[in-house]
Every structure is written in structure tokens, then in C-alpha cells.
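Here the structure is laid out as C-alpha cells; the discussion comes afterwards.
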Amino acid sequence: MIAEQYKEMLNGKSVIRELSEYATARGKEIGYENVFDYSLGNPSVPAPESFKEAMIKLLTEGDAMEVHGYSPSLGIVSVKEKVAASLNRRFGMSYTFRHIFMTAGAAGAIAHAVRAVTVPGDEVLTFAPHFPEYHPYINLSGAKLKVVPADTEKFQINFAVFEEMLTDKVMAVLINTPNNPSGIVYTRETLEKLADIMKRKSEEYGHDIYLISDEPYREILFEGVEEVYVSKLYDNTISCYSYSKSLSIPGERIGYIAVNPACKDAETIVNMCGQISRGIGHNCPSSIIQLAAAETVDDTSELSVYETNMNILYDELIKLGFTCVKPGGTFYIFPKALEEDAKAFCEKAKKYDLILVPGDSFGCPGYFRMAYCIATEKVERSLPALRKFVETEYGKR
Numbered sequence: 006m007i008a009e010q011y012k013e014m015l016n017g018k019s020v021i022r023e024l025s026e027y028a029t030a031r032g033k034e035i036g037y038e039n040v041f042d043y044s045l046g047n048p049s050v051p052a053p054e055s056f057k058e059a060m061i062k063l064l065t066e067g068d069a070m071e072v073h074g075y076s077p078s079l080g081i082v083s084v085k086e087k088v089a090a091s092l093n094r095r096f097g098m099s100y101t102f103r104h105i106f107m108t109a110g111a112a113g114a115i116a117h118a119v120r121a122v123t124v125p126g127d128e129v130l131t132f133a134p135h136f137p138e139y140h141p142y143i144n145l146s147g148a149k150l151k152v153v154p155a156d157t158e159k160f161q162i163n164f165a166v167f168e169e170m171l172t173d174k175v176m177a178v179l180i181n182t183p184n185n186p187s188g189i190v191y192t193r194e195t196l197e198k199l200a201d202i203m204k205r206k207s208e209e210y211g212h213d214i215y216l217i218s219d220e221p222y223r224e225i226l227f228e229g230v231e232e233v234y235v236s237k238l239y240d241n242t243i244s245c246y247s248y249s250k251s252l253s254i255p256g257e258r259i260g261y262i263a264v265n266p267a268c269k270d271a272e273t274i275v276n277m278c279g280q281i282s283r284g285i286g287h288n289c290p291s292s293i294i295q296l297a298a299a300e301t302v303d304d305t306s307e308l309s310v311y312e313t314n315m316n317i318l319y320d321e322l323i324k325l326g327f328t329c330v331k332p333g334g335t336f337y338i339f340p341k342a343l344e345e346d347a348k349a350f351c352e353k354a355k356k357y358d359l360i361l362v363p364g365d366s367f368g369c370p371g372y373f374r375m376a377y378c379i380a381t382e383k384v385e386r387s388l389p390a391l392r393k394f395v396e397t398e399y400g401k402r
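Residue numbers (this note's numbering): 6 to 402.
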């Protein structure tokens, strides 16, 4: 007998992936340059030269056993030391290598973090709009994900409902800032209020409530937006990071967990992650990718193109009558659809070769996501199609 749980999941495939596959197929018919594919959050800028040079040097000059051999189950110590030092320099923290666990991207980090601080039946809260894959990440661990409805006015946190849902069954809160899909960055005020509530509730319930901070877009912040490192505000924070966006290397699947040194049992949690790996078959990331990431730990790709693309799209959407909260980072924008049914809205857009993602799977029906990690010239070429779509289908000019 096969596992029915996973069999049933075949009927609920990722909407994002399905739309991306549609865009690829449509591109074979009319040329992909003529498909305005805003479906998939795949970085559109190349990795920095420093990363390529680090890879070449490791391949040509590195010790073969270090470069191609197994790494320690918790990650290569020298790599973890460089990650810790970078975080300490940037954010005034006091990490050591003992607080860092190397993972296969932020997804792998979350998979370990949730298993470290929950047992089956515990609840984890997150906030809409949210990354759809949080559901399998959490629920397949045995914990139960519950979603706090969105504050659609600013896409900050709906604190009134959050406090109602933060019962004694909740062992962790999962946040994502800068946020996929909204592009919104939680303000210092928001994060301080969140931390205060969680501290108060931890004391009231007599158990720790952990904050799992999903941070793959941490480096993509726009002008005038304050960078707030979540762990500075709440001791029991586990940061989950990926180099996929900062270095434009999503296919390399490299990231880490950073457990706040002030967190209760911080080093024990990291050591537990090595044991969690035994249960989920994680078995540490590629050695060469760990080493290359460590050599470029403070570098990024040329990320400014995303702000350029955001401004072009935001200005055009507002002109066309859309309601939209202006993003503060990432490469996503999340406007309100021009009809109540965002799925129908996005289906109509396909007639104009505009590939948009309805917000239903993000926990926000009536909205849609555009991933503008595409060439700026293609963003500009998409505007006439967007205008035609809106004018033809909704009578707006």
C-alpha cells in the first residue's frame, strides 16, 4: 500500500509551478520572449563574479577531499565561522560556529527548525499572505499550521486576530520579511509588538514560543526601508536563510539556520538539527557549495534591477486603477485583482500572454502576485499587454 497522504497531494500541485509550465509551453508556440511570465520567483540577475571565481579556484586549487568529500553533519566548521562572523559584523550579534547549521536553502532550514521546537500536534502560526509551501513544510512534520488572516490595508500583522489565535498550543510563529508574495517589509514597530506579545504569552503559558524567521529576501531591500534583524528583538529566534536570492544561486540549494545565542538551549538546538537530518535524509549540503558561499558571504548579485522593475510596474498598476501596497523589498508585487475572483482574473490575463498568480494559495483571495525578476526591457514590453488586458476585459483606460 502506498502513502495516501502524498498520493492525495498530487491533486494539489503548486499553482505557481503549473503556471510556469504553461508559460514555457506557450513560449514554444510564440517565442518565450513574447510571454510575459510573472509566475516564478527565479532570480534574473547572474551570480556575482566572486562566486564563480571561488568555484573555479576550489575546483582547480582546492583539496579534493575537502571540496568533494562528505562534510560534517552540522556543516563545515570554517564555513560556519565565516557565516557567524558576517552576521556579527552586520547585525551586532554574538554568534559562533556552534549557533550555525548549514542547510539545503531556507526550505531545509525551516524543515529542521520546526522539528526542533515542535512535536506532532503542536500548532505553528503564520501570517497571510504567506508562501504556499509553508503548509507541507509544517504539516508534514506532524505540527499543524494555522494562518492568521491578512491585514490587507498595509500587509503588516493583524495583531487582534493573532492574539486570539496565539493559544497555549502554539509552540512557534513563522514569519517572512521581506515577504513573499506581498513584497512588504515588516516595520520595526511591527516586529517589536510581535516580540512583546510573544514574550508575554510565553510567560503566561509557562513554555517558550519560538520565532522562526524565514529570511531568503533579507538582502533585497529598497531605498528608504529600514533593515531590522529579527533576532535582535526576540531571544528565542531561529533565522532561516538562503543564498538563492542574494547570490542568485537557487539551484545550488545552500542556506543555514542561525540560532540566536540568547535563545534557550541554542547550541543544543543546532546539535539536534544533525539528528533531525538522520530522520529526513537531509545529510548536509554539497561541500563545494558551502565553501564557495563562505568565500562570498558578504557579496550579493546586482540586485538594484528589482527596485527598477518594481517602480515601473507599481506606477503602471496605479495608473490603471489597481489597489496595491508598494513593496519595500523582494521581487514580488501583490495587487488587488479587478474582480473578486482572482483565479478568473488571472485566467483572463493568459489571453494576453500575461502569466499572473492568483492569491488564493497565498491565503489572500482576491489578490494576485507578479514575480518581476525578469529583464527590465521585458517588464516595459509587458505594459501594452497589461493595458490592453485591463481595457478590454474591464473597460478601464
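Cβ coordinates follow ideal geometry from the N, Cα and C atoms, glycine included. In this text, all values refer to a predicted model and were calculated from it rather than measured experimentally.
Going by DSSP in three states, I225 sits in which element: helix, strand or coil? coil
Spatial distance of A114 from M107 (CA atoms): 8 Å
Based on the DSSP output, what are the partners of K198 in its beta bridges? In DSSP, K198 forms no bridge with anything.
Where T123 and I293 are concerned, what is the direct C-alpha to C-alpha distance, given to the nearest angstrom? 32 Å
Which residues bound the alpha helix (DSSP H) around V310? S309 to K324
To test your reading of the DSSP string, which unbroken beta strand (DSSP E) runs of 3 or more residues are found completely within the segment 70-124? The qualifying runs are 105-108.
Shortest alpha-carbon distance to P389 belongs to which of D358, D365 and G74? The closest CA to that of P389, considering only D358, D365 and G74, is found on D358.
Below 7 Å CB to CB, which residues in the same chain sit around A342 once its five sequence neighbours on both sides are set aside? F350, G371, Y372 and F373
Rounded distance between the beta-carbons of P221 and Y246, thought under 8 Å: 7 Å
Closer than 6 Å by C-beta to L79: which residues in its own chain qualify, once you throw out the five before and the five after it? Chain order, please. F106 and G279
Taking the Cβ atom as the reference point for each residue, do R120 and I243 lie within a distance shorter than 7 Å? Not in contact: R120 and I243 (Cβ atoms no closer than 7 Å).
Between D42, F327, S49 and K355, which lies nearest to K250 when the distance is taken from Cα to Cα? Checking every option, the nearest Cα to that of K250 belongs to S49.
Between the alpha carbons of E257 and G400, how many angstroms are there, rounded? 45 Å
For C369, three-class secondary structure by DSSP: When DSSP states are grouped into helix, strand and coil, C369 belongs to the coil group.
Compare the C-alpha of T126 against each of F56, D173 and Y11 and name the closest. This sequence places Gly at residue 126; Thr is not what is there. For G126, the nearest C-alpha among the options comes from D173.
Could you check the C-alpha separation between I35 and L361 for me, to the nearest Å? 18 Å
Exposed or buried, what is Y215 when buried is set at 16 or more other beta-carbons lying within 10 Å of its beta-carbon? buried
Given K85, which residues of its chain have a CB within under 6 Å of its CB, disregarding the five upstream and five downstream residues? F102 and I105
Cβ-based neighbour list, I217, same chain, cut-off 6 Å, excluding 5 preceding and 5 following: Cβ neighbours of I217 beyond the five flanking positions: A118, A177, L179 and I243.
Helix or strand or just coil, what does DSSP make of S282? Correct three-state label for S282: helix.
Using the three-state DSSP reduction, which class does N181 fall into: helix, strand or coil? strand
Residue from T157, E128 and N163 whose Cα sits closest to the Cα of D213: E128
Please report the distance separating the alpha-carbon of A200 from that of E66. 47 Å
Name the DSSP bridge partner or partners of Y261? Residue pairing for Y261: DSSP places it in a beta bridge opposite M107 and Y246.
Cβ-Cβ separation, G260 to G110 (assumed contact under 8 Å), whole Å: 4 Å
Here's a check: name, in chain order, each residue in its chain whose Cβ is nearer than 7 Å to the Cβ of H140, leaving out the five neighbours to either side. Exclusion of the five residues before and after H140 leaves L150 as the residues of its chain whose Cβ lies within less than 7 Å of its Cβ.
For a quick check, are the C-beta atoms of F160 and V330 less than 7 Å apart? yes
Start and end of the alpha helix (DSSP H) containing E23? V20 to I35
Using alpha carbons as the reference points, say which of K356, E9 and P340 lies closest to N39. Shortest Cα-Cα distance from N39 to any of K356, E9 and P340 involves K356.
Just to confirm, is the Cβ distance from T313 to E224 under 7 Å? No, the Cβ-Cβ distance between T313 and E224 is not below 7 Å.
Looking only at its chain, what residues have a beta carbon closer than 8 Å to the beta carbon of A155, apart from the 5 residues adjacent to it on each side? Only F132, A133, P134, N163, G368 and C369 meet the Cβ criterion.
Ordered along the chain, which non-local residues of its own chain (more than five positions away) have a Cβ less than 8 Å from that of N288? Its chain contains S78 and S282 as the residues whose beta carbon lies nearer than 8 Å to that of N288, once the 5 sequence neighbours on both sides are disregarded; these appear in chain order.
Buried or exposed for T182, going by 16 or more other Cβ atoms inside 10 Å? buried
Rounded to whole angstroms, what's the CA-CA distance from K62 to L325? Just pull it up for me. Looking at the two C-alpha atoms, the distance is approximately 50 Å.
Cβ-based burial, T301 [other Cβ within 10 Å; buried from 16]: With 16 or more Cβ atoms within 10 Å of its Cβ, T301 is classed as buried.
If you drop the 5 nearest sequence neighbours on each side, which residues of the same chain put their C-beta closer than 8 Å to that of V152? L130, T131, F132, A133, H135 and G368
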